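Going by the numbering used here, the first residue of the sequence shown is number -1, and it counts up by one from there. What follows is a set of notes on a single structure, which appears directly below.
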Amino acid sequence: MESRRRVRWALAREEDHLAGNQTQNQSQSQSQNQPKSTTIVKYEKSSCLFCNEWFDAQTFTEHLIHCGQVLEECPNSCQVFIPRIRMRSHLKECPRSKNLHNQRLSVSMDRLDQQSDHRLQVLEQDISTIRSVLNEEIRQRLHLITDVGNIRKQNQVVEDWTRGTDDTLGGLRRQLEEEASQRAYAAEQNQIDFQYCCNITQSLKDQVEIKLDEAQKLVNQLSIDVTFHQNQLNDNILKLEELIFENERLNRDKFFRIEEFLQQINEDIKTKLGTSDYATNKQATLDYEVKNVKNIVCETEERCDKLQTVVQDLDRSLHQTMQNLSDLENQMAMQQRIASVQNIRGHLIFRIKDYSKKLDEAKQYDTILHSAMFSNKAFGYALRLDIYLNGKGTWKGRNLIACLNVLSGEYDPLLAWPCRLQAEVVIRDQCSNLLEAQDYVKTIFVRKKSDDFIQSNQYFHIPHKVITSRNYLRNDSMFIEVRIMK
């Protein structure tokens, strides 16, 4: 009986173990259905309580039926529990087996038959239970195998994606390394170029400073010469004025003498009217002296006209010299600004102040207005806008004539020649409402064969009627914008 209880207890334990496995498998399948969870499949074994060996769940029940270490009570009622494997040897040695063998043989056989029948019934029930449990476990294992297959597929996809990602990351790392090496090389090359440009800039700066010093000396010499010539001109003008005043005084004295002489002659004519020969001679003498006086007066007037012309020419020359000096000073200032690389965007706005005054000077002295020097780009062509407010040649008096000049620059040997540029010259409309402003636009082309070639200026004209229309001229000022086209 004790052995049956132990077998039943082992079967109950196995059922509990299988139920626990089913619960664990269900919890694992539920955890697999949950997002972001990990499925853990465990294959456990059960140990026999009699022989301490480990068996799978499928073979555990069959092992309990046939296990040789299961204890059974001796059928001779000797109160001894013997393992099944040693039951036959015990029966041969049992002291009560000889006396009671014949008596209890039939009883034991009946009991064994009953026990066998009961055991068969229990085993059949257990086997049916185990079969149902095994079927459920097979279904669970099939689900687990399906889930494991899906997980393996997902893992394969993840591994493929990881492998592709690793390859992509490796390619990106290589590209980054190559780009880093290229950037390092470019940075080193830029550093070398920057140092080279700094050296060139320093040398050019030194050359510009030398040229500026020479130009300053030249300007100082020109200032001294202009001052000397101006003083000499002033002295000559004073001498001419004194000479003119002296001639006028002498002519005035001669006129007074002639008038006195004429009065005397008239008096003599009146007193000596009877002598006709004397009157005729006097009249002839008087006519001759009058002609001489007239000739002197005409010569004096011609000399005055010539002196006035000379004074005007000297005045014009002085004005042009002063303008050239001012242009040289402006050019020096512009050279200093160009040396520090200021306007290198190909864009210029030139403001002309006191338009009326400068127009009158242009009409009288044919002056030229020069804009600030600028460049179409960094280290590019040196450009300047020249303007004739009163026109030039056949266009004089009715139009504004201008041209965009390509001057000799510091970087001409590094530039492409011939020079071909396209620019827009815009007269800005100074209207108060910017939406209603209408600028006057002219497109021009600038060409120059080489840096040492003397450029033939290419002029364009703007009529004075256009300038005085709308709001191009406001507060006696005008804005001219130049944009170099790319």
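Even for Gly, the Cβ is constructed at its ideal location relative to N, Cα and C. All values reported here derive from a predicted model rather than from experimental measurement.
query: Can you name the residues that DSSP bridges to Met476?; result: Ile350
query: If you reduce the DSSP assignment to three classes, tell me which class Val68 lands in.; result: coil
query: Check the DSSP bridge columns for Gln420 and list the partner residues they point to.; result: Phe443
query: Taking the DSSP output, what are the residues bridged to Ser373?; result: Ala380
query: What are the boundary residues of the beta strand (DSSP E) that Val404 is part of?; result: 397 to 405
query: By Cβ distance, which residues of its chain are closer than 8 Å to Thr199, with the 5 residues on each side in sequence left out?; result: none
query: Helix, strand or coil: which one does DSSP assign to Leu471?; result: coil
query: Where Trp415 and Asn374 are concerned, what is the direct C-alpha to C-alpha distance, given to the nearest angstrom?; result: 14 Å
query: Please report the Cβ distance between Phe79 and Leu69, rounded to the nearest whole angstrom; I am assuming they are in contact, meaning their Cβ atoms lie under 8 Å.; result: 4 Å
query: Reducing DSSP to helix, strand and coil, say where Arg481 ends up.; result: strand
query: May I have the straight-line CA-CA distance separating Arg472 from Glu479, to the nearest angstrom?; result: 16 Å
query: So for Trp393, helix, strand or coil by DSSP?; result: helix
query: I'd like to check one pair, Asp427 with Ala421: are the Cβ atoms closer than 8 Å?; result: no
query: Please return the same chain residues whose Cβ sits closer than 8 Å to the Cβ of Arg468, not counting the five positions on each side in sequence.; result: Asp427, Cys429, Gln436
query: Are the stretch 215 to 223 and the stretch 302 to 311 touching by the rule of at least three beta carbon pairs closer than 8 Å?; result: no
query: Look up Thr466 in the DSSP assignment and say whether it is helix, strand or coil.; result: helix
query: What residues are listed by DSSP as bridge partners for Pro411?; result: According to DSSP, Pro411 bridges with nothing at all.
query: Which same chain residues end up closer than 6 Å to Leu346 when comparing Cβ atoms and leaving out the 5 residues on each side of it in sequence?; result: Phe372, Val480
query: Between Asn74, Cys92, Ile83, which lies nearest to Ile63 when the distance is taken from Cα to Cα?; result: Ile83
query: At a cut of 8 Å, does the stretch 279 to 288 reach the stretch 191 to 210 through at least three beta carbon pairs?; result: no
query: For the beta strand (DSSP E) containing Pro81, list its first residue and its last residue.; result: 79 to 81
query: Return yes when the Cβ of Leu398 is within less than 8 Å of the Cβ of Ile465, no when it is not.; result: yes
query: Check the C-beta distance from Ile460 over to Ile425 and give it rounded, since I have them as a contact under 8 Å.; result: 7 Å
query: Rounded to whole angstroms, what's the CA-CA distance from Thr166 to Val156? Just pull it up for me.; result: 15 Å
query: Suppose you measure from the CA of Ser87 to the CA of Lys151; what does that come to, to the nearest Å?; result: 59 Å
query: Tell me, to the nearest whole angstrom, how far the beta carbon of Arg314 is from that of Tyr363; I am working on the premise that it is less than 8 Å.; result: 6 Å
query: If you reduce the DSSP assignment to three classes, tell me which class Phe53 lands in.; result: strand
query: How would you label Ser475, buried or exposed, when you count the other beta carbons within 10 angstroms and need 16 or more for buried?; result: exposed
query: Between the C-alpha atoms of Met483 and Ser179, what's the straight-line distance to the nearest angstrom?; result: 37 Å
query: State buried or exposed for Lys446, treating a residue as buried only when at least 16 other CB atoms are found within 10 Å of its CB.; result: buried
query: According to the Cβ coordinates, are Leu357 and Leu387 closer than 8 Å?; result: yes
query: Within 10 Å of its beta-carbon, does Asn279 have 16 or more other beta-carbons around it, so buried, or fewer, so exposed?; result: exposed
query: Have a look at Glu246, Phe477, Pro73 and flag the residue whose alpha-carbon is nearest the alpha-carbon of Asp111.; result: Pro73
query: If you check the beta carbons only, do Gln67 and Phe48 fall under 8 Å apart?; result: yes
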